[in-house]
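Structure record follows, encoded as structure tokens.
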Amino acid sequence: MDTTFKDEVLPNASISEMNNMHSTPLTSQSKASTPNRGLKSPASETSTSMTPTIVPKAKRRGLLSQLTLISELENSKEYSRSIKWLITFTVSAGAAVITTGENIFYPSLQDTASDLHTSLNLADLTLSLSKIGIAFCPLWWSPFSEHLGRRTVYIVSFFLFVLWSVLAAISKNIGMLLAMRFLSASAASSFQSVGAGTVADMWEPKERGAAMGIYYMGNLGVGLVLGPLLGGILTETWGWRATQWFLAIYGGVVLVLIIFNLPETSPRQTIITVRLERSRSNSQTTENEPAPPTTRFNRGVVGDILIGPFHALEYLRFPAITITIYIASIAFGTTGLLNISYQSTFSRPPYSLSPTVVGCIYIPIGVGCLLGSVYGGKWSDSIMAREARNAGRYRNESEGGGLIYRPEDRVRENAWLGVGVFASLLIWYGWVVQQGVVWWVPMIAGFLFGASSMILFGLVTTMVTELLPNKPASGVALNSMGRNLFACVGFAIAQPLIDVMGNGWLFTAAGTVMLVTGTLAVEGLRRYGAGWREGMSGRIP
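Residue numbers 1 to 541, in our numbering, belong to the letters of the sequence shown in order.
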């Protein structure tokens, strides 16, 4: 499989193309149809371009597809920029539920433990179990989206999210709350993998880093800015249950946005269609012979959905995939330590801040994440283009011209800066709060921490979609699994280690591990990334 691509066309995540059952990918210069909402304006087309192909309303894919206000196109890359951004922001709003649901609960942990007559350690498990759901469930949402389409997965998962959030709000004991928090996080996690797949469906490589940055602005940034602050206000005013009611309402709003603003973007040739075609071609029945039984097909689909996620784990045998994901995972794991430390440290002497003020302490991290997501993605795109120009990698004019981009070209000074600043700030934060330095000093560290972390998270997500262009959702699901498993461990061990080691030595150890292993990972990708990527060619379906 060749993951080198030019700036015009990236292979669609289509099973039909993988089996050479299709002609070349659609472009804005190869199809014609009637203008409609969501299409490129005439001013944006060349004199030789044609209007993109619109899918008839009766043939739209996905649950409740006829309610969508944006037309479905044969090739999602042919949407106008304004529609691409609208869909990207919609997906980003959905992804924001994940981090908002997590961060909104930090200021309410003490109140939850008191109200449900349990220990703070058990209340902390509501975060750890949520991370487990977010880590593993995207591995199933990804094959669901490949069989049923992305839109159907979004609608079903967010309906379930609203349901589980309501049940969490009326929980009678800690056991019920733990179960409902796990289920709600598992439902919302569809946006961890499928959301990035939607972005990859629409955006060309030369702009994908910036688009992924906006996606991650919701996925991580918005939740970090608003979640703790809202959690503090809601907890002080109405108690911890108000945080879960807020999530249910927010999930309902996102569900409405999905129904009306999010058409199906995945390639039209699905795995199910290919399976049917193979069944027909292999059977070679005469007109007098009975058709192949549908039960075999249905069992095959169910088997693919249940077992398929474990096939995605096979991609971890490739160093380019594993090492790329490790960079984000080790960084995300330390955020688990940091978030528990914030809640624990600033609510106790010498700070003794109220839940609302503790929520405000998180805001600089979120603001840093927002800026890092927006500018980090653009920086990554510009670095990749610069490396292609410096290497003189251009397509022949007969092939359409344009630069030849390579995923590993994104790993340059941005990755070095992200790892170095991230690790240094962990150590700085640890000793600042250990000494009880005035609260606004660690807030400065939090801002820079958020910005540097988003440079790494956006870089890694974009790279895995490019290393696995035919399976972008599966690649992002693996990335999500790695990140959230590390974060789950961080949540579980943070408070016991803080009690034993103190913030200073704990974050010195975490920063040292991040600096050493992160540096080795970045250098490995810089030196050997091209060879590792080429070694994947032909070995991934």
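All C-beta atoms in this analysis are idealised placements derived from N, C-alpha and C, irrespective of residue type, glycine included.
Integer Cβ distance of residue i from residue j, believed to fall under 8 Å
| i | j | result |
| --- | --- | --- |
| Ser92 | Gly252 | Contact flag wrong, Cβ pair sits at about 18 Å. |
| Ile427 | Gly231 | Going by Cβ atoms, the distance from Ile427 to Gly231 rounds to 28 Å, so no, they are not a contact pair. |
| Pro319 | Thr68 | So it is not a contact: roughly 41 Å between Cβ atoms. |
| Gly94 | Ile258 | 7 Å |
| Val546 | Gly482 | Outside the displayed range of the chain (1 to 541) lies residue 546, so it cannot be described from this structure. |
| Trp440 | Gly504 | 19 Å between Cβ atoms; not a contact. |
| Thr243 | Arg181 | Actually they do not touch by this definition, with Cβ atoms about 11 Å apart. |
| Gly446 | Ile365 | 4 Å |
| Leu177 | Ala168 | 6 Å |
| Ser341 | Ala494 | 6 Å |
| Ile134 | Ser189 | 4 Å |
For residue i, the first and last residue of its enclosing alpha helix (DSSP H)
| i | result |
| --- | --- |
| Met463 | Trp440 to Leu467 |
| Pro267 | Run containing Pro267: none; DSSP gives neither H nor E here. |
| Glu236 | Gly223 to Trp238 |
| Arg151 | Arg150 to Ala169 |
| Arg527 | Pro472 to Met536 |
| Thr118 | Neither: Thr118 is in no alpha helix (DSSP H) and is coded neither H nor E. |
| Trp431 | Glu413 to Gln434 |
| Phe346 | Pro319 to Phe346 |
| Lys206 | Pro205 to Tyr216 |
| Asp201 | Ser190 to Met202 |
| Phe545 | Past the boundaries of the shown model lies residue 545; the chain is included only from 1 to 541, so the question cannot be answered. |
| Cys360 | Pro355 to Ile361 |
Whether residue i touches residue j by CB criterion (7 Å)
| i | j | result |
| --- | --- | --- |
| Met514 | Ala423 | yes |
| Thr152 | Gly62 | yes |
| Ser145 | Ala473 | yes |
| Arg393 | Ile404 | yes |
| Thr324 | Val460 | yes |
| Ala210 | Lys378 | yes |
| Phe486 | Gly333 | yes |
| Gln192 | Ser453 | no |
| Ser108 | Trp240 | yes |
| Asn339 | Thr90 | no |
| Lys131 | Asn390 | no |
| Gly213 | Val374 | yes |
| Leu139 | Ala312 | yes |
| Val419 | Gly518 | yes |
| Gly101 | Leu234 | no |
| Arg208 | Thr512 | no |
| Gly376 | Gly458 | yes |
| Phe158 | Val55 | no |
| Thr356 | Glu523 | no |
| Phe346 | Tyr429 | no |
| Trp141 | Val194 | yes |
Strand pairing of residue i, partner residues [DSSP]
| i | result |
| --- | --- |
| Ile54 | Leu73 |
| Tyr394 | Leu403 |
Euclidean distance between Cα positions of residue i and residue j
| i | j | result |
| --- | --- | --- |
| Asp124 | Leu525 | 36 Å |
| Leu425 | Pro349 | 23 Å |
| Thr99 | Glu387 | 34 Å |
| Lys363 | Leu229 | The amino acid occupying residue 363 in the given sequence is Ile; Lys does not appear at that position. Cα to Cα, Ile363 sits roughly 7 Å from Leu229. |
| Asp7 | Trp203 | The pLDDT assigned to Asp7 is 41, lower than 50, so where the model puts this residue is not dependable; a value taken from the coordinates is nonetheless given after this. Between Asp7 and Trp203, the C-alpha separation is close to 10 Å. |
| Leu456 | Val516 | 15 Å |
| Gly175 | Pro267 | 42 Å |
| Ala187 | Ala510 | 31 Å |
| Val421 | Ile330 | 14 Å |
| Asp409 | Gly529 | 9 Å |
| Gly490 | Gly149 | 34 Å |
| Asn75 | Lys59 | 14 Å |
| Ser65 | Thr265 | 12 Å |
| Leu220 | Gly227 | 10 Å |
| Asn414 | Thr322 | 19 Å |
| Ser16 | Val433 | A caution first: Ser16 carries a pLDDT of 34, below 50, which makes its placement in the model too unreliable to give a value. |
| Thr53 | Ile70 | 13 Å |
| Thr273 | Pro143 | Per-residue confidence for Thr273 stands at a pLDDT of 47, beneath the threshold of 50, marking its modelled position as unreliable; the derived number appears in the next sentence. Their Cα atoms are separated by approximately 14 Å. |
| Val256 | Gln343 | 33 Å |
| Gly78 | Lys57 | Before going further, note that residue 78 is Glu rather than Gly in the sequence given. Spanning the two alpha carbons is a distance of roughly 18 Å. |
| Thr118 | Ile87 | 43 Å |
| Pro292 | Ala521 | For Pro292, the pLDDT reaches just 43, beneath the cut-off of 50, and the residue's location in the model is therefore unreliable, although a value from the coordinates is still provided. When rounded, the distance between both Cα atoms is 50 Å. |
| Asn173 | Ala113 | 10 Å |
| Tyr315 | Val437 | 46 Å |
| Leu497 | Ile249 | 36 Å |
Below-7 Å beta-carbon distance, residue i vs any chain D residue
| i | result |
| --- | --- |
| Arg527 | Included in the structure is just one protein chain, with no chain D present. |
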